[in-house]
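Please read the structure below before turning to the comments.
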Amino acid sequence: MCGEQFSTVKEWDLKILRAPPLGVFQHVTVKFMQLRGYCDNCDRTAVADVDWIHPKFSSMTCGLAEVAGRLMEEITCEAVGRILDMGSKAMWDLDQYRMAVMMQHLRMPDGLDVSYLAADEVHFRTIAVKNRVGLFAKRWRPEFVTNLVAPKEGKSYLTP
Ligand SMILES: [Zn+2]
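Under the numbering used here, the first residue of the sequence shown is numbered 1, with each subsequent residue one higher.
Printed below as a string of structure tokens:
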């Protein structure tokens with residue numbers, strides 16, 4: 001899609017999306033009317049771009065994917081599914097997707113079998129925060145490193 005303004009409205013499509021918990025409301029559903037319109041520039045009908053709907057998991061907001069993803073860094077997919085009232089398989093798929101995205105930013109040693117990896121985050125150091133803004137701003141910021149273990153190789157590597 002080129003991003004130009006639509007010349008005519010084709011239809012308003014109802015999208016039902018899961019959103020992250022909001023205060024006392026644990027199960028939050030967003031009903032959103034998404035615009036389909038005609039683009040003169042592309043000479044075709046297109047759906048209006050919505051940047052807060054997850055690009056891969058189109059039934060959830062990016063906010064929910066982020067909350068679930070952060071939780072899955074600490075606890076199991078099964079537990080996150082139960083907390084967020086979502087299927088554990090969907091959580092597993094989301095976690096695998098996040099890992100694949102993060103993997104693009106990691107540089108692995110050549111010739112290492114990474115077909116099976118185990119990961120854990122360990123405390124690296126705590127540094128003083130410079131240029132604190134506000135009375136309640138944190139004075140110290142902990143930094144972590146992700147410890148990846150390649151069990152098939154029997155070696156451990158640290159990545160920042
Ligand atoms: Zn267009």
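Think of the CB as a built atom: it goes at the ideal place given N, C-alpha and C, for glycine as much as any other residue.
Distance cut-off 7 Å: residue i Cβ against heavy atoms of ligand 1
i, result
"residue 77", "no"
"residue 48", "no"
"residue 39", "yes"
"residue 42", "yes"
"residue 62", "no"
Residue i - DSSP class collapsed to helix/strand/coil
i, result
"residue 75", "coil"
"residue 89", "helix"
"residue 129", "coil"
"residue 97", "helix"
"residue 37", "strand"
With 16 other Cβ atoms within 10 Å as the buried cut-off, status of residue i
i, result
"residue 42", "exposed"
"residue 2", "exposed"
Closest Cα partner of residue i within the set the options
i, options, result
"residue 99", "83, 146 and 81", "146"
"residue 52", "30, 88 and 70", "30"
"residue 148", "103, 130, 128 and 21", "103"
"residue 124", "95, 71, 143 and 117", "143"
C-alpha distance - residue i paired with residue j, whole-angstrom precision
i, j, result
"residue 79", "residue 73", "12 Å"
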